[in-house]
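**Q** Residue numbers (this note's numbering): 617 to 805.
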């Protein structure tokens with residue numbers, strides 16, 4: 617009887633390990649499929665938020681950096697200039713514009729707030745709603761908002777003393793994926 621019981625326990629342990637491996641396989645291969653909702657806790661836990669906080673600690677929140685941020689955004693996606701009413705301004709002078717410095721500072725402040733409150737769903741959601749209001753006020757759609765990521769990441773790269781690794785860039789990709797999913801979920805078309 618003892619041998620039968622031990623055999624049963626071993627079979628159950630193997631079955632449990634197989635289920636666990638299967639679950640990890642699903643998580644790794646289909647994270648985008650079942651974690652597109654920004655409230656998905658498994659997705660939130662996958663982002664190494666410490667890396668993002670470290671990067672943002674090098675991006676001092678001031679007017680000059682706000683101008684540099686949007687200058688990077690416009691360099692990566694010049695078509696976004698129209699949403700900030702600077703399509704007629706020389707690209708080199710754009711970052712000196714007080715309006716651009718303020719708008720870039722607001723974007724940097726917002727992303728910093730979301731990174732710092734990444735696990736606080738209520739605060740994150742509130743900031744998303746404010747971002748939607750700002751984006752709509754500028755006339756931006758979700759597809760336009762997605763273009764902000766490249767310039768933002770390029771700006772962060774310019775502030776780092778070491779080149780950004782592929783892993784670090786992936787962390788930013790996952791953060792912005794949650795950000796864009798949340799924008800969509802809360803009504804930005």
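Even glycine gets a Cβ: it sits at the ideal position worked out from N, Cα and C.
Can you tell me where the alpha helix (DSSP H) with residue 738 in it begins and where it stops?
**A** Residue 738 -> alpha helix (DSSP H) spans 737-754.
**Q** Quick one, are the C-beta atoms of residue 758 and residue 723 less than 8 angstroms apart?
**A** no
**Q** Within 8 angstroms, do at least three Cβ pairs link the stretch 743-750 to the stretch 680-692?
**A** With the cut-off at 8 angstroms, the stretch 680-692 and the stretch 743-750 do not touch.
**Q** Quick one: Cα of residue 756 to Cα of residue 712, how far?
**A** 23 angstroms
**Q** Quick one: grab the DSSP three-state call for residue 779.
**A** coil
**Q** How big is the Cα-Cα spacing for residue 683 and residue 733?
**A** In a straight line, the C-alpha of residue 683 is about 24 angstroms away from that of residue 733.
**Q** Using a Cβ-Cβ cut-off of 7 angstroms (strictly less than) and excluding sequence neighbours within five positions of residue 670, which residues of its own chain qualify?
**A** none
**Q** In chain order, what residues of the same chain lie with their CB nearer than 6 angstroms to the CB of residue 792, ignoring the 5 residues before and after it?
**A** 765
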